[in-house]
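Protein chains in written order, with the numbering used here: chain A, 2 to 326; chain B, 48 to 338; chain C, 6 to 262.
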Amino acid sequence: MRPAGPAATLLIGATVIAVLPVLLPNEYYLTVLIVAGLNGIIALGLNLLMGYAGQISLGHAAFYGLAAYTTGILTATYHWPVPAGMAAAVALVLAVSALIAVPTLRLKGHYLAMGTLGFGLIVYIVLNEATGLTGGPSGLGGIPRLSLAGRPVTSDLAYYYVVWAAVLLCFAVAGNLVRSRLGRALRAIHTSETAAAALGIDTERTKIGVFVLSACMAAVAGTLYAHYVRFVSPGTFGFAASVQLVTMVVLGGMGSLWGGLAGAVVLTVLPEVLRALEDYDIVVYGLLLILCMMYLPGGLVEGVDRLWRLVTARRLRLAPPEDPA
Amino acid sequence: MSDLFQYILSGATVGATYGLAGLGFTVIFNATEIINFAQGEFVMLGGMLAVFAIRWAGAPLPAAVLAAVLGTTTVGVAMDRLTVRPVRGRSAIALIIVTIGVSIVLRGSAMLVFGKDAFSLPAFSAGEPLSILGAVLVPQSLWVGGVTLGILVGMKAYFDHTIAGKAMLACAYDRKAAALMGIHVENIVSRSFALSAMVGALGGVILAPITLTSYDVGIMLGLKGFAACILGGLGNPFGAVAGGVIMGVLESLTAGLVSSGYKDAVAFVILLLLLFLRPAGLFGRAHAERV
Amino acid sequence: MNAKAGAFLWGEDITLHFGGVQALESVSFRVKENDLQTIIGPNGAGKTSLLNVITGVYWADRGGVFLREQPLTGLPAHAIARSGIVRTFQNLELFSTMTALENVLTGGHLLFHYGMRDWCFRTHRFRAEEAALREKAEAALAFVGLSATADTLAGNLPFGSARLLEIARALAAEPRVLLLDEPAAGLNIRETVVLGDIIRRIVDRGITVIMVEHDMDLVMRVSDRVLVLNYGKVIAEGTPAEVQRNPDVIAAYLGEV
Chain A
2 MRPAGPAATL
12 LIGATVIAVL
22 PVLLPNEYYL
32 TVLIVAGLNG
42 IIALGLNLLM
52 GYAGQISLGH
62 AAFYGLAAYT
72 TGILTATYHW
82 PVPAGMAAAV
92 ALVLAVSALI
102 AVPTLRLKGH
112 YLAMGTLGFG
122 LIVYIVLNEA
132 TGLTGGPSGL
142 GGIPRLSLAG
152 RPVTSDLAYY
162 YVVWAAVLLC
172 FAVAGNLVRS
182 RLGRALRAIH
192 TSETAAAALG
202 IDTERTKIGV
212 FVLSACMAAV
222 AGTLYAHYVR
232 FVSPGTFGFA
242 ASVQLVTMVV
252 LGGMGSLWGG
262 LAGAVVLTVL
272 PEVLRALEDY
282 DIVVYGLLLI
292 LCMMYLPGGL
302 VEGVDRLWRL
312 VTARRLRLAP
322 PEDPA
Chain B
48 MSDLFQYILS
58 GATVGATYGL
68 AGLGFTVIFN
78 ATEIINFAQG
88 EFVMLGGMLA
98 VFAIRWAGAP
108 LPAAVLAAVL
118 GTTTVGVAMD
128 RLTVRPVRGR
138 SAIALIIVTI
148 GVSIVLRGSA
158 MLVFGKDAFS
168 LPAFSAGEPL
178 SILGAVLVPQ
188 SLWVGGVTLG
198 ILVGMKAYFD
208 HTIAGKAMLA
218 CAYDRKAAAL
228 MGIHVENIVS
238 RSFALSAMVG
248 ALGGVILAPI
258 TLTSYDVGIM
268 LGLKGFAACI
278 LGGLGNPFGA
288 VAGGVIMGVL
298 ESLTAGLVSS
308 GYKDAVAFVI
318 LLLLLFLRPA
328 GLFGRAHAER
338 V
Chain C
6 MNAKAGAFLW
16 GEDITLHFGG
26 VQALESVSFR
36 VKENDLQTII
46 GPNGAGKTSL
56 LNVITGVYWA
66 DRGGVFLREQ
76 PLTGLPAHAI
86 ARSGIVRTFQ
96 NLELFSTMTA
106 LENVLTGGHL
116 LFHYGMRDWC
126 FRTHRFRAEE
136 AALREKAEAA
146 LAFVGLSATA
156 DTLAGNLPFG
166 SARLLEIARA
176 LAAEPRVLLL
186 DEPAAGLNIR
196 ETVVLGDIIR
206 RIVDRGITVI
216 MVEHDMDLVM
226 RVSDRVLVLN
236 YGKVIAEGTP
246 AEVQRNPDVI
256 AAYLGEV
């Protein structure tokens, strides 16, 4: 199975996205797919960080939440126009993520993971404690709808197209990044920082850059979330959510943009189907992380690839021996 | 004035447990260069297992403590054998993900088995709280201080005077060379997980009578333990404990003088500031990394 | 006249400790432009430490390294690469999950500097520079004779090819100075002969080469100058023939056996 060219992939993706709503039995699934798309955007960014650069963030849900709350507060409480609120939210996340990245990524080792874990917990505390600003545990409502060209996006179907257009855009950007000198630099850093530096790659700056980029992608998803659900509460953005995002990338396939996206869709849709999971879901995520790392480090992408090879190999063997002419 | 002293005393008590969690990080990091994200879960398990040994089996306190420590140590060894060993030698991120996975599974399982309530353990010894300079000191605080000191002394003896301890230090210094000298590195790694789980569990057990324990205390304890060992210089056991005590005191002062809601933010702020200003820690020295 | 006139890359009074271990003690050296300078010495003499100081992996406690008149002391590794000094590693540091060609393309990281706008929108500049880079990378692979393995994952290459790939990757950076850390270690006799030719051809291209090596046949065959270290100190410097006759060198090597 040869990978299709980047342009062709995007075209196929766009077609599937365009047609899918027609096939859905009811509106509810549209909501699920919108959330899947939002998770997909975050997973794409997180995959650049984890799968390519080999760094890990346990605080991406916090960036997601920080952006959702920022645009929510600015537009609902302070009546900013929606686009301004969204832009300010992404800008804030950019600044905050850089602030965390500079000290933690300057060092080798696992400092980023701990730094982002701590950051996620802090954001969660602040969202709960700063009641005046965030509404505390009961959340913040009254966030206005997203408007495009002066008209509010009211239907779920329209919002679905908005979100998945953003997914495609992020996918294209991430794809172009991966196939550039920066993408190579990221993969080089993943395997050997020493060798990467010896070739003139500024490993520190590159890692900080990709971390900030991936945080900003989470922020974009956060702003889209806020103006879709129009209500935000801290529970959506806690540690469990960060772990879920990491699991999406690991399950889907680290180092494969398709994989991360697929992981996001699967892990968004699956819990909806398996309602029985409830309290068990976090344990399931933990087990998925461990088992993937042990048996399927390339995630679903590797699994599908292996399966495909198994099938084609069998077909070859089953083919009748050719007659010697 | 007596308020201030009170904050310092209770902060130091809680901080000793952060120090023990940090000590656990240090032991595993020294042997393997892995940051074990399940370290906080060891502390949680120590407290919870002791609580439920009493509730379910009606065990007397000393037996419950022993069972909790042994149980957690077993979990630590199992974690190494079943999950860490199979991914050794892969990229650093694979190891982090595995230890995160284990921490989540342990926490989730604890929630399913023990429920979401918070529990308390009876104090180790009865007795009136002592009054020092107007501050109140519960007897359990003396237990915390004593056990922590005991662990430090034991650890020093282990590393200085036993073959196993020296082998662990050798692994920390140069794994390849240690293997060439005939040290069974896999065993050392298992032992480091056992030791670190044991230390963590002890921390959890001695703290449980003072603060409540529940299935989800591990994340915060883990994070604070990590901040403690960065504060003391990663890899330095004594620094870790000292770092934990300092952090506990700062946290308690924040809770008392600023706001209790934000006290958990202290550890994180300290962590980031340290990484900015002094990554080698208060007591650490920057050293070159060998290639 | 300045004693350093004519020197291209030089080090002065370089001293390096690890804890209580003295790795380098007041080491000074001078390398002429477009020479092949070898560094030899018994195990633990400080050869690789010296390479690590030159390339910024370690920062010396005292002393410094200069390229032309520019001090390199205190620069991080990537900045030193930027000034034109690129190296290979004794314990292969290939990007094992990337193909041979991708490894070499990564080696050319510094050759082009298209920015975010360029990769984001795949502009004309992006495509032109990527194409030029690819051409250079393929040439570098061909130079070491690895064209056939361009699409093989670096992690799957046989050892000898992996060593050559590291050289090709470093060459793709178009360095002024190439540092080779024991390039012949683990190679068989035939591979070593091929390697010797490649190294000579690198010098012929106008690149200054500094090589740490144990294989004395190779050293004596290809070097222009040889620097001998023992216990972190320079004990001799000269042409291969001069060094071979030097009693201190003979003693150091006999002492090891």
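C-beta atoms are modelled at their ideal positions from N, C-alpha and C, and glycine is treated no differently. Nothing here was measured: the structure is a model prediction, and the numbers come from that model.
Start-end ranges of the beta strand (DSSP E) lying completely within the segment 23-105 of chain C, minimum 3 residues: Considered as a whole, the segment 23-105 of chain C harbours 26-37, 41-45, 67-72, 90-92 as its complete beta strand (DSSP E) runs of no fewer than 3 residues, in chain order.
Reference asparagine 161 of chain C; option with closest CA among C/Ala105, C/Gly25, C/Asp18, C/Tyr63: For the set C/Ala105, C/Gly25, C/Asp18, C/Tyr63, the Cα lying nearest the Cα of asparagine 161 of chain C is the one of C/Ala105.
Glutamate 98 of chain C versus C/Ile255, C/Gly69, C/Leu169, residue with shortest Cα-Cα distance: It is C/Leu169.
Beta strand (DSSP E) segment containing glycine 243 of chain C, residue limits: Note, glycine 243 of chain C: beta strand (DSSP E), 238-243.
Interface residues of the segment 92-113 of chain A facing chain B [CB-CB below 9 Å]: Contacts with chain B (Cβ-Cβ distance below 9 Å) from the segment 92-113 of chain A involve Leu100, Ile101, Val103, Pro104, Thr105, Arg107, Leu108, Lys109, Gly110, His111, Tyr112, listed in chain order.
Given phenylalanine 315 of chain B as reference, the closest of A/Leu169, A/Ile123, A/Leu301 once Cα atoms are compared: Nearest option by C-alpha distance: A/Ile123.
Exposed unless 16 or more other CB atoms sit within 10 angstroms - verdict on leucine 41 of chain C: It is buried - the Cβ of leucine 41 of chain C has at least 16 other Cβ atoms within 10 Å.
Touch test, the segment 148-164 of chain C against the segment 124-135 of chain C, Cβ-Cβ under 8 Å, three pairs minimum: A contact between stretches requires three or more CB pairs, one per stretch, nearer than 8 Å, and the segment 148-164 of chain C fails this requirement with the segment 124-135 of chain C.
Contact between the segment 165-174 of chain A and the segment 14-21 of chain A (3+ Cβ pairs under 8 Å): These segments touch.
Nearest candidate by alpha-carbon position, reference alanine 114 of chain A, set B/Phe273, B/Ala63, B/Ala78: Of the listed residues, the one whose Cα sits closest to alanine 114 of chain A is B/Phe273.
Residue nearest to isoleucine 59 of chain C in terms of C-alpha spacing, selected from C/Pro47, C/Leu110, C/Glu38, C/Ser88: Of C/Pro47, C/Leu110, C/Glu38, C/Ser88, the residue nearest in Cα terms is C/Ser88.
Closest residue to valine 302 of chain A among A/Ala242, A/Val285, A/Val274, A/Gly260 (Cα-Cα distance): Taking valine 302 of chain A as reference, the option from A/Ala242, A/Val285, A/Val274, A/Gly260 with the minimal CA-CA separation is A/Gly260.
Closer than 8 Å to chain D by CB, threonine 128 of chain C: Here the protein chains are A, B and C, and chain D is not one of them.
Interface flag, aspartate 157 of chain A vs chain C, CB-CB below 8 Å: Not closer than 8 Å to any Cβ of chain C, the Cβ of aspartate 157 of chain A fails to qualify, so no.
Reference leucine 192 of chain C; option with closest CA among C/Glu218, C/Ala173, C/Ala175: The candidate whose alpha carbon is nearest that of leucine 192 of chain C is C/Glu218.
Status (buried if at least 16 other CB within 10 Å, exposed otherwise) for glycine 247 of chain B: Label assigned to glycine 247 of chain B: buried.
Own chain partners of valine 36 of chain A with C-beta closer than 6 Å, once the 5 adjacent residues on each side are dropped: Here valine 36 of chain A has Thr269 as same chain residues with Cβ atoms under 6 Å from its own Cβ, once five neighbours each way along the sequence are excluded.
C-alpha gap between valine 227 of chain C and valine 36 of chain C, whole angstroms: Computed Cα separation, rounded: 15 Å.
Sequence-distant residues of the same chain with beta carbon closer than 8 Å to cysteine 293 of chain A, five excluded per side: These residues qualify, in order along the chain: Val251, Leu252, Gly300.
Three-state class that DSSP yields for serine 49 of chain B in the structure shown: Helix.
Per DSSP, the bridge partner or partners of lysine 15 of chain C: Checking the sequence, you will find tryptophan at residue 15 of chain C rather than lysine. Partner(s): C/Arg35, C/Phe71.
Beta-carbon proximity of valine 32 of chain C to valine 199 of chain C, cut-off 8 Å: Remark: C-beta atoms of valine 32 of chain C and valine 199 of chain C do not approach each other more closely than 8 Å.
For alanine 84 of chain C, the nearest candidate out of C/Ala159, C/Val254, C/Gly61 (CA to CA): Cα-wise, what sits closest to alanine 84 of chain C is C/Gly61.
Under 8 Å between C-beta atoms of threonine 244 of chain C and leucine 14 of chain C: Their beta carbons are not under 8 Å apart, which means threonine 244 of chain C does not touch leucine 14 of chain C by this criterion.
Residue burial classification, asparagine 234 of chain B (beta-carbon count within 10 angstroms, cutoff 16): Exposed: under 16 other Cβ atoms inside 10 Å.
Distance between valine 305 of chain B and leucine 183 of chain A (C-alpha atoms, nearest Å): Going by the C-alpha atoms only, they are around 45 Å apart.
Positions along the segment 204-221 of chain A whose CB lies within less than 9 Å of some CB in chain B: So nothing in the stretch comes that close.
Contact between the segment 282-294 of chain B and the segment 114-129 of chain B (3+ Cβ pairs under 8 Å): The segment 282-294 of chain B, when compared against the segment 114-129 of chain B, does not touch it at the 8 Å Cβ threshold.
For histidine 334 of chain B, the three-state DSSP class (helix, strand or coil): Because the pLDDT of histidine 334 of chain B is 43, which lies under 50, any placement of that residue in the model is unreliable, and the number read from its coordinates should be weighed accordingly. In the structure shown, histidine 334 of chain B sits in coil (DSSP, three-state: anything other than H, G, I, E or B).
Run of the beta strand (DSSP E) containing threonine 121 of chain B, from where it starts to where it stops: For threonine 121 of chain B, there is no enclosing beta strand (DSSP E); the enclosing alpha helix (DSSP H) covers residues 108-126.
In DSSP terms, what threonine 213 of chain C is bridged to: Answer by DSSP bridge pairing, in chain order: C/Val182.
Integer-rounded CB distance, given that proline 180 of chain C should sit under 8 Å from valine 91 of chain C: Rounded, the Cβ-Cβ distance is 4 Å, consistent with contact.
heavy atom of the ligand ADP below 7 Å from alanine 216 of chain A C-beta: As presented, the structure is devoid of all ligands, the ligand ADP included, so that no description of it is given.
Paired residues, beta bridge with valine 302 of chain A - DSSP: BP columns for valine 302 of chain A are empty, so no partner.
Residues bridged to phenylalanine 166 of chain B (per DSSP): B/Thr260, per the DSSP bridge assignment.
Assigned exposure category for tryptophan 190 of chain B - 16 Cβ within 10 Å defines buried: By the 10 Å Cβ count, tryptophan 190 of chain B comes out buried.
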